[in-house]
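Take 4 as the starting number for the sequence shown in the numbering used here and just add one per residue.
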Amino acid sequence: MNAKNYEIGFGADALIYAKSIALFGVSGDPNKKNVVGGTGILNNLRRFGYKGKLYPINPKYDSVLGIKCYASIGDVKDKVDLAVVAVGAENVAGILEECGQAGVRCASIITSGFAELMTDEGIEMQNNICEIAAKYDMRLVGPNNLGSYNMNNDMCGSTSTSLLCYDEMPKGSIAWVSQSGAICSSIYGRAMDAAIDIPIVLTTGNECDLESADFIWHLADDKAINVICVYSEAVKNRENFRNACKKALDNNKPVLVFKNGKTPRGSYACMAHTASEAGEIDEYTAFFEECGAIVLDSLDEFYDTANLLDKFSAFGDIENVAVISTSGGSGICITDCMVQAGMKVPDLSEKTKDAVKALIPSFASPRNPIDVTAHILRTIENVAEVGRVLERSGEVDAMILAPTTIAPEASITLAKDFVDIIKASKIPAAVQWYTGSGNMEAIKMIREAGIPVFTEYDSIRRAFMRRKQFFNKVNKHGG
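#1: By how many angstroms is the C-alpha of ARG142 removed from the C-alpha of VAL298?
#2: Excluding the 5 residues preceding and the 5 following ILE126 in the sequence, name in chain order all residues of the same chain whose CB lies nearer than 7 angstroms to its CB.
#3: Among LYS7, PHE305, LEU18, LEU311, which residue has its Cα nearest to the Cα of ARG450?
#4: How many Å lie between LEU487 and ILE373 at the Cα?
#5: What does DSSP give as the partner residue(s) for MET402 in the beta ladder?
#6: Leaving out five residues on either side along the sequence, give the residues of the same chain with a beta carbon under 8 angstroms from the beta carbon of PHE457.
#7: Does SER333 come out as helix, strand or coil in the three-state DSSP assignment?
#8: If we call anything under 8 angstroms between Cβ atoms a contact, is ASP225 one with GLY52?
#9: What residue does the beta strand (DSSP E) around VAL87 start on, and which one ends it?
#10: Alpha carbon to alpha carbon, how far is GLU292 from ASN263?
#11: Counting only runs of 4+ residues fully inside the stretch 336–369, write out the alpha helix (DSSP H) ranges in chain order.
#12: What does the alpha-carbon distance come out to for the pair PHE474 and ASP285?
#13: Which of the three DSSP states is assigned to PRO59 in this structure?
#14: Sort CYS336, CYS340, ASP400 by Cα distance to GLU322 and report the nearest one.
#15: Spatial neighbours of TYR139 within its chain, please: CB distance less than 6 angstroms, with the 5 preceding and 5 following residues excluded, ordered by chain position.
#16: Which residues mark the beginning and the end of the beta strand (DSSP E) in which TYR152 is found?
#17: Leaving out the 5 sequence neighbours to the left and right, which residues in its chain are closer than 6 angstroms to ALA17 when beta-carbon positions are compared?
#18: Answer with buried or exposed for HIS378, where buried requires no fewer than 16 other C-beta atoms within 10 angstroms of its C-beta.
#19: According to DSSP, is THR438 part of a helix, a strand, or is it coil?
#20: On the DSSP bridge assignment, give the partners of ARG142 in chain order.
#21: Pull up the DSSP beta-bridge partners for LEU205, would you.
#22: Is it buried or exposed for TYR271, if we count other Cβ within 10 angstroms and need 16 for buried?
#23: Hey, is the stretch 204–217 in contact with the stretch 340–351, meaning 3+ C-beta pairs nearer than 8 angstroms?
#24: Buried or exposed for ASP313, please, with buried defined as at least 16 other CB atoms from any protein chain shown within 10 angstroms of its CB.
#25: On the DSSP bridge assignment, give the partners of TYR234 in chain order.
#26: Below 8 angstroms on the Cβ atoms is my guess for ASN155 versus ILE203; work out the distance and round it to an integer in Å.
#27: In the DSSP assignment, what are the bridge partners of LYS71?
#28: Distance check for GLU124 and ALA227, CA to CA, integer angstroms please.
#29: Below 8 angstroms between beta carbons: does that hold for PHE27 and VAL79?
#30: Where does ILE373 sit, in a helix, a strand or coil, going by DSSP?
#31: Give me the Cβ distance between ILE76 and ALA105, rounded to the nearest whole Å; I'm assuming they're in contact under 8 angstroms.
#32: Would you tell me roughly how many angstroms separate the C-alpha atoms of ALA21 and ARG469, rounded to the nearest one?
#33: Run the CB neighbour count on TYR169, radius 10 Å, all protein chains shown included, and call it buried at 16 or more, exposed below.
#34: Specify the secondary structure class of ILE199 as computed by DSSP and reduced to three states.
As structure tokens, this is what we get:
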């Protein structure tokens with residue numbers, strides 16, 4: 004816990020929106036630019052186009068990766084927003100003392116070897132660096148974190164190995180705040196594969212000072228961000244977390260929380276991971292619900308849920324859904340999912356059913372769910388017209404298009420048609436495509452067009468259920 008009681012969010016902006024960064028633990032050895040540590044972070048900052056000022060600190064070198072190197076932070080004439088510290092644990096305190104004297108606003112400590120060791124020495128070292136930082140009103144992130152990035156500002160100050168897989172990173176409107184660093188590498192890689200853009204990832208490690216709440220507080224005001232995701236092992240300052248979530252709710256931004264350490268053994272593992280006392284999961288769930296956050300059951304929920312909330316952020320609550328499927332069985336599955344998620348799949352008026360019936364094969368069903376059968380794929384323009392009939396009817400708030408497995412070449416054509424149909428739709432629309440690998444290229448095309456695509460029935464159920472929960476909280480909060 005920090006040595007002073009700062010106002011929520013104080014100093015956290017120096018990390019999220021850093022305009023100048025000093026780096027400790029850099030090396031002039033070019034072979035180290037792609038490994039963890041200060042050199043890897045410096046390389047990523049440069050590689051992904053950071054436009055702020057960079058100050059590598061190491062008395063052994065005149066330059067690192069072609070950037071002027073300084074012997075000490077005291078030699079830097081400008082004020083520095085963020086210091087990234089990636090040196091041995093025994094050297095961290097001395098560097099923080101120098102940073103404090105130089106007026107650095109915030110320090111992100113990548114180094115491990117503090118309270119997470121669960122030793123008296125590690126705890127004492129962590130308390131010591133907190134006291135040094137408090138003396139200068141310099142905020143700390145970590146220790147034991149993986150770095151952070153905000154690609155909306157072209158700032159990539161992370162050592163995540165997933166970054167080595169990409170030559171460019173997307174901007175977007177989903178932010179991720181996580182106590183775990185390495186798991187974010189996996190999450191980011193999976194999100195990129197699903198064409199889900201997460202431009203802001205902030206890892207907090209042991210949270211000896213700044214906590215998730217401090218970052219949520221600023222993200223709630225960030226006009227570029229629609230959804231805030233949080234991976235939590237423990238919340239130390241409950242009041243701050245509650246206030247940050249309330250601010251996000253005031254701004255109609257969902258906060259999705261996954262709490263780890265659900266079992267006694269998992270709780271013990273949290274102590275060895277980020278020195279976090281995980282606590283009882285039922286008590287935490289009640290607390291998060293009270294804060295107005297949306298509690299997720301698993302990490303897997305983050306992808307589809309965050310993406311749906313993001314892509315549908317311009318639309319209000321959804322009550323009535325139309326399902327347009329090429330399979331009667333698939334249509335029934337999605338109908339059950341929508342009803343279980345808290346919505347309706349209503350029968351259509353006779354007028355609307357007659358209009359739909361005129362567009363689909365005689366052996367198809369115009370009832371909702373609408374089973375157009377696979378035969379209609381020969382006249383895909385009729386699916387678009389069915390969508391327009393539904394829009395004009397005013398009887399539904401959203402549509403789900405649900406094909407099943409088709410030949411790979413045909414699936415590409417269908418994907419292009421679906422993109423055109425959904426882009427032209429005046430009501431929100433998503434795709435549920437329960438299939439195998441042969442249709443994944445088509446699914447990727449739809450996702451890259453910014454359209455939510457679900458490949459599992461349970462994932463669409465959970466995502467729409469979480470969205471419904473969010474609007475229930477918004478309505479209750481507003482009332």
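Beta carbons: idealized from backbone N, C-alpha and C, even for Gly. Model, not experiment: these values are computed from the prediction.
Short version:
#1: Working through the sequence shown from its first residue, we reach residue 298 at position 295. Working through the sequence shown from its first residue, we reach residue 142 at position 139. It is roughly 28 angstroms from the alpha-carbon of VAL298 to the alpha-carbon of ARG142.
#2: In the sequence shown, counting from the first residue as 1, residue 126 sits at position 123. Beyond the five residues adjoining it in sequence on each side, ILE126 comes within less than 7 angstroms, by CB distance, of ALA118 in the same chain, given in chain order.
#3: For the purposes of this step, residue 450 is taken as the residue at position 447 of the sequence shown. If we check each option's Cα against that of ARG450, LEU311 comes out closest.
#4: Here the chain has residues from 4 to 482 only, and residue 487 is not among them.
#5: Position 399 of the sequence shown, counted from the first residue, corresponds to residue 402. Within the DSSP bridge table, the entry for MET402 names ALA325, ALA432 as partners.
#6: Start at 1 with the first residue of the sequence shown, and residue 457 comes out as number 454. Excluding positions up to five away in sequence, the list reads ASP307, ALA433, VAL434, GLN435, TRP436, ILE463, ALA466.
#7: Along the sequence shown, one-based indexing puts residue 333 at 330. Reduced to three states, the DSSP call for SER333 is helix.
#8: As a first step, residue 225 must be located in the sequence shown, where it is residue number 222. As a first step, residue 52 must be located in the sequence shown, where it is residue number 49. Cβ atoms of ASP225 and GLY52: not closer than 8 angstroms.
#9: What you label residue 87 is simply residue 84 of the sequence shown in a count that begins at 1. Run containing VAL87: 85–88, per the beta strand (DSSP E) assignment.
#10: Translated into the one-based positions of the sequence shown, residue 292 becomes position 289. Translated into the one-based positions of the sequence shown, residue 263 becomes position 260. The alpha-carbon of GLU292 is positioned some 16 angstroms away from that of ASN263.
#11: If only complete runs of 4 or more residues are kept, the stretch 336–369 shows the alpha helix (DSSP H) at 353–360, in order along the chain.
#12: The count along the sequence shown starts at 1 and reaches residue 474 at position 471. The count along the sequence shown starts at 1 and reaches residue 285 at position 282. Between the C-alpha atoms of PHE474 and ASP285 there is a straight-line separation of about 23 angstroms.
#13: The sequence position of residue 59 within the sequence shown is 56, counting from 1. Of the three classes helix, strand and coil, the one that applies to PRO59 here is strand, per DSSP.
#14: Residue mapping note: residue 322 aligns to position 319 of the sequence shown, counting from 1. Closest option to GLU322, judged by alpha-carbon separation, among CYS336, CYS340, ASP400: ASP400.
#15: As a working note, residue 139 is residue 136 in the sequence shown. Contacts found: GLY103.
#16: For the purposes of this step, residue 152 is identified with residue 149 of the sequence shown, where counting begins at 1. For TYR152, the uninterrupted beta strand (DSSP E) segment begins and ends at 150–153.
#17: In the sequence shown, residue 17 corresponds to position 14, counting from 1. ASP84, LEU85, ARG108, CYS109.
#18: Here residue 378 refers to the residue found at position 375 of the sequence shown. With fewer than 16 Cβ atoms within 10 Å of its Cβ, HIS378 is classed as exposed.
#19: If you number the sequence shown from 1, residue 438 lands on position 435. For THR438, the secondary structure class from DSSP, reduced to helix, strand or coil, is coil.
#20: As a first step, residue 142 must be located in the sequence shown, where it is residue number 139. According to DSSP, which records beta bridges pairwise, ARG142 is partnered with CYS109.
#21: For this step, residue 205 is matched to residue 202 along the sequence shown. In the DSSP assignment, LEU205 forms a beta bridge with SER151, VAL180.
#22: Here residue 271 refers to the residue found at position 268 of the sequence shown. Its pLDDT being 47, under 50, TYR271 is placed unreliably by the model, and the measurement read from it follows with that caveat. Flag for TYR271 reads exposed.
#23: Under the Cβ criterion (8 angstroms, minimum of three pairs), the stretch 204–217 does not count as touching the stretch 340–351.
#24: If you number the sequence shown from 1, residue 313 lands on position 310. Classification for ASP313: buried.
#25: Taking the sequence shown and counting its residues from 1, one reaches residue 234 at position 231. Per DSSP, SER181, PHE261.
#26: As a position in the sequence shown, residue 155 is number 152, starting the count at 1. As a position in the sequence shown, residue 203 is number 200, starting the count at 1. With 8 angstroms as the limit, ASN155 and ILE203 qualify as a contact, their Cβ atoms being about 7 angstroms apart.
#27: Reading the sequence shown from its first residue, position 68 is the one you call residue 71. DSSP, once it has assigned bridges, lists SER66 as partnering LYS71.
#28: For the purposes of this step, residue 227 is taken as the residue at position 224 of the sequence shown. For the purposes of this step, residue 124 is taken as the residue at position 121 of the sequence shown. Taking the straight line joining both Cα atoms gives about 42 angstroms.
#29: Position 24 of the sequence shown, counted from the start, is the residue given in the question as residue 27. Position 76 of the sequence shown, counted from the start, is the residue given in the question as residue 79. No, they are not a contact pair.
#30: By one-based count along the sequence shown, residue 373 stands at place 370. In the structure shown, ILE373 sits in a strand (DSSP, three-state: E or B).
#31: Start at 1 with the first residue of the sequence shown, and residue 76 comes out as number 73. Start at 1 with the first residue of the sequence shown, and residue 105 comes out as number 102. At roughly 5 angstroms, the Cβ-Cβ gap stays under 8 angstroms, so ILE76 and ALA105 are in contact.
#32: On the sequence shown, residue 21 is found 18 positions in, with the first residue counted as 1. On the sequence shown, residue 469 is found 466 positions in, with the first residue counted as 1. Rounded to the nearest angstrom, the two C-alpha atoms are 33 angstroms apart.
#33: Stepping through the sequence shown from its first residue, residue 169 is reached at position 166. That one is exposed.
#34: Taking the sequence shown and counting its residues from 1, the one referred to as residue 199 is at position 196. Look at ILE199 here: in three-state DSSP terms it is coil, with no helix or strand label.
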